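Numbering (mature numbering (1 follows the signal peptide of the UniProt record, and there is no 0)), first residue to last: -23 to -1, 1 to 586.
Remarks on the structure that follows.
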C-alpha cells in the first residue's frame, strides 16, 4: 500500500522512500514500491481501467470507480474531479491527462496517486482499494489512502500571522480556527445535495472565513465521492479534520487528498466562483459581534435600525420572564458594597461535624462511591501540586492538572485549609450528588482522596478549560461561531433539564456561571462544581435558606434578597449565561450604557424598544 506522504513548501517529503514529486508545477504524484511486468495482463487491465474511469468521470457526477481483469492481475481505481470544473468533458480530459502523467512518471508502478491542480485526482492499485468495509457508510480516511500537501505555492512565509508554537494560547486559537473552517465547510459538503453553479456534483462545498482585519482571509474546499451517503461523507471529512491538527499546525495552506474525500484551504482564492459558505464576521455564520454598546458611531437613522436588529437578537436569546426582574438585580449589586465581590456566603444554620465524624465519613464515601486514591498517587500525578500544573482557583480551592502513571490525564481540586468548615460541606455535597448523577453534559468525577488534612476531588480532564476562557477573551471568542455557541447553549440546557427533571434526584445547582461550564476537546459543555447544589424532593417546588451562596450577577433577585430558591433560580442564571455567550460581555463587568450598569438591564432596554 502507499504510505502517507507529506509535502511542505516546494517539495519536502517526510518518512517515505518513494517521495511525492511534481511532474510540473501543477501535478503531484506518488509512486508505490511494487512494479508490474511490461506487456503483462496487469498492464492490459490497467489500460482498460483508465479508459473506463475517464469515460465515467465525463458525466455530471465527475466521478468514476471500478476494477478491470481477473485475479491475480486485477487493477482497482478511483477518479474524482473538483466540483467547479466548467463541464463534465473537462473532467474526463483531466483524468486522461493525469493517467498519462502517472504512466510517464511512475513507469510500471502498481500503485500510483496523482493530483492535478487542473481539478482532478486519480488512484489505481493492485490492491482492492474499493473495499471500504462491510458498511460503506462508515467511511474513514485512512493514512494509506491520503496524500497530504502543505503550502505547495512558493511563498516566503509559510506560517499564519501570530503563530507561536511556544505559546499555548496562540496554538489553541489558530488550531481551533482551522478546525472550525474544516468542520463548517465539511458540513455544507455533506448535507448540501444541490450546490449552485459552477458546482455540478453533490458533496462539494467551498467556503470563506473572515476572522479579523489583522488575520488573512481563509478559503476552503471540501468534497466527497458521490457514491457516499451524507453521514458517510461527514465522517470521512471529520477524519480529515483530525488530521489537520497533526499536519497543518499554523500553516497558511494545505490539502489532504483522501480516496473518498478531500479538503483544502489557502489564504488566496483557489476555486472558481463565489464561496458557497461564509464562515466569519461577514456572513450568516459570522462570529458573534461585540455588544451594541461598543459599536462605532453611525448616522442617527442607521444607528436606530441597527439597534432594533440587535434588540431582536438579544430578545430571541433571552428568556422573557427573567428580564422582567432586572431592577431587582440592580438591588443585588448594591449588596456588593457590604460583601466582597464574587463568591458570597452569609453564615447561617450550618451543622458542622466533628473532625472524627468528618474523617470517618470521608473515608467511607471515597471507598464506597468512587475510586479512593492515595495521597501519594495524587502527589505523583500533580508533581507535588506544582505551580506549573495549576489550572486555576475557585471557591473550593486550587485546581491542578495531573497525569497518572498509565498516561490518563486528570483535574485535581484541592480543598484549602482556610475553608475547612464550609469546604468540607461542599466536598461532601459534591461526592453525594455526583455519585447519583450521570449525563453527557455533566462533568465526570473519577474519585476522591481523604487523607489527613487533605480533601481532594479528582475529575476527568477537559482540555479546553472553561467557557469564560473563550467568551470573555477578545482573541479566543472569534473561534466560536454561531453554530458553536448554539451547541454550547443547547448542551447546558440539556444538562439543566436532566438535573431538574430527569435525574433520580431533583437538583438545584445554585452556582451556574461561565466559569463552571467546562469544555471538552470537541467544545461540548459540561456543568461542573456541585459544591453548592441542593437536592429537592419530588413534591417540593421552592425552599428558603439563610445561607445565601453563589455569584452575584447570576443570582435570581428573590434568592439574593430573600433566600428563596427553586429550579427557576437556575433558569435565571442560565438566561444571564445565554446573554454572555451571545454578547461576549460579562454581566457583572458590563460598563454603563445609558441608565444601566448591567448586561441584563441593557438587554431589557433593547427589548422594550
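Glycine included, C-beta positions come from ideal geometry on N, C-alpha and C.
Note that the structure is a prediction, hence the values are computed from the model and not measured.
Check, Outcome
"Contact belief for residue 388 with residue 438 at Cβ below 8 angstroms, rounded distance in angstroms", "5 angstroms"
"Endpoints, the beta strand (DSSP E) within which residue 432 is located", "431 to 437"
"7 angstroms Cβ cutoff met for residue 73 and residue 91", "no"
"Member of 583, 417, 422 and 100 whose CA lies at the smallest distance from the CA of residue 408", "422"
"Alpha-carbon spacing of residue 239 relative to residue 188, whole angstroms", "23 angstroms"
"Contacting residues, own chain, Cβ-Cβ under 6 angstroms from residue 56 (five flanking each side not counted)", "30, 34, 41, 72 and 99"
"Residues sharing a beta bridge with residue 502, DSSP", "496"
"Nearest candidate by alpha-carbon position, reference residue 476, set 440, 410 and 5", "410"
"Secondary structure, alpha helix (DSSP H): runs of 4+ residues fully inside the region 417 to 480", "444 to 448 and 459 to 474"
"Classification of residue 486 by the beta-carbon crowding that lies within 10 angstroms, buried from 16 upward", "buried"
"Span of the beta strand (DSSP E) around residue 241", "238 to 243"
"Identified DSSP bridge partners for residue 228", "136"
"Under 7 angstroms between C-beta atoms of residue 589 and residue 378", "This structure cannot settle anything about residue 589, because the visible part of the chain is limited to -23 through 586."
"CA-to-CA distance, residue 445 to residue 453, given in whole angstroms", "10 angstroms"
"Collapsed DSSP secondary structure at residue 247 in the structure displayed", "coil"
"Residue 253 in three-state terms, based on DSSP", "coil"
"Ranges of the beta strand (DSSP E) found wholly within the region 36 to 107, counting only runs of at least 3", "40 to 45, 52 to 58, 89 to 93 and 97 to 102"
"Host beta strand (DSSP E) of residue 563 (start-end)", "Where residue 563 is concerned, there is no enclosing beta strand (DSSP E), given that its DSSP letter is neither H nor E."
"Beta-ladder partner(s) of residue 32, from DSSP", "Paired residue(s): none; residue 32 is not in a bridge."
"Nearest-angstrom Cα separation, counted from residue 358 out to residue 382", "7 angstroms"
"Contact under 7 angstroms by Cβ, residue 233 with residue 256", "no"
"Cross-strand partners of residue 160 (DSSP beta bridge)", "Partner(s): none; residue 160 has no beta bridge."
"Residue 527 - DSSP class collapsed to helix/strand/coil", "strand"
"Stretch pair the region 461 to 481 + the region 412 to 419: three plus CB contacts closer than 8 angstroms", "yes"
"Option nearest residue 200 by Cα separation, candidates 65, 141, 212 and 511", "212"
"Residue 587 and residue 533 closer than 7 angstroms at C-beta", "Nothing can be reported for residue 587, as the shown portion of the chain is limited to -23 through 586."
"C-alpha distance - residue 248 paired with residue 462, whole-angstrom precision", "29 angstroms"
"Buried versus exposed, by CB contacts within 10 Å (16 or more), residue 326", "With a pLDDT of 31 at residue 326, under the threshold of 50, the predicted position of this residue should be treated as unreliable, though the coordinate-derived value follows. Flag for residue 326 reads exposed."
"Other residues of its chain near residue 351: CB distance less than 8 angstroms, five sequence neighbours each side excluded", "426 and 428"
"Proximity below 7 angstroms, CB of residue 87 to CB of residue 11", "yes"
"Test item: CB-CB of residue 456 and residue 150 under 7 angstroms", "yes"
"Straight-line Cα distance separating residue 190 from residue 241", "22 angstroms"
"Nearest to residue 432 (by Cα), restricted to the options 356, 83 and 562", "356"
"Residue 17 classed as buried or exposed, judged by whether at least 16 other C-beta atoms fall within 10 angstroms", "exposed"
"Whole-Å CB distance - residue 494 paired with residue 443, under 8 angstroms assumed", "6 angstroms"
"Alpha-carbon spacing of residue 138 relative to residue 192, whole angstroms", "7 angstroms"
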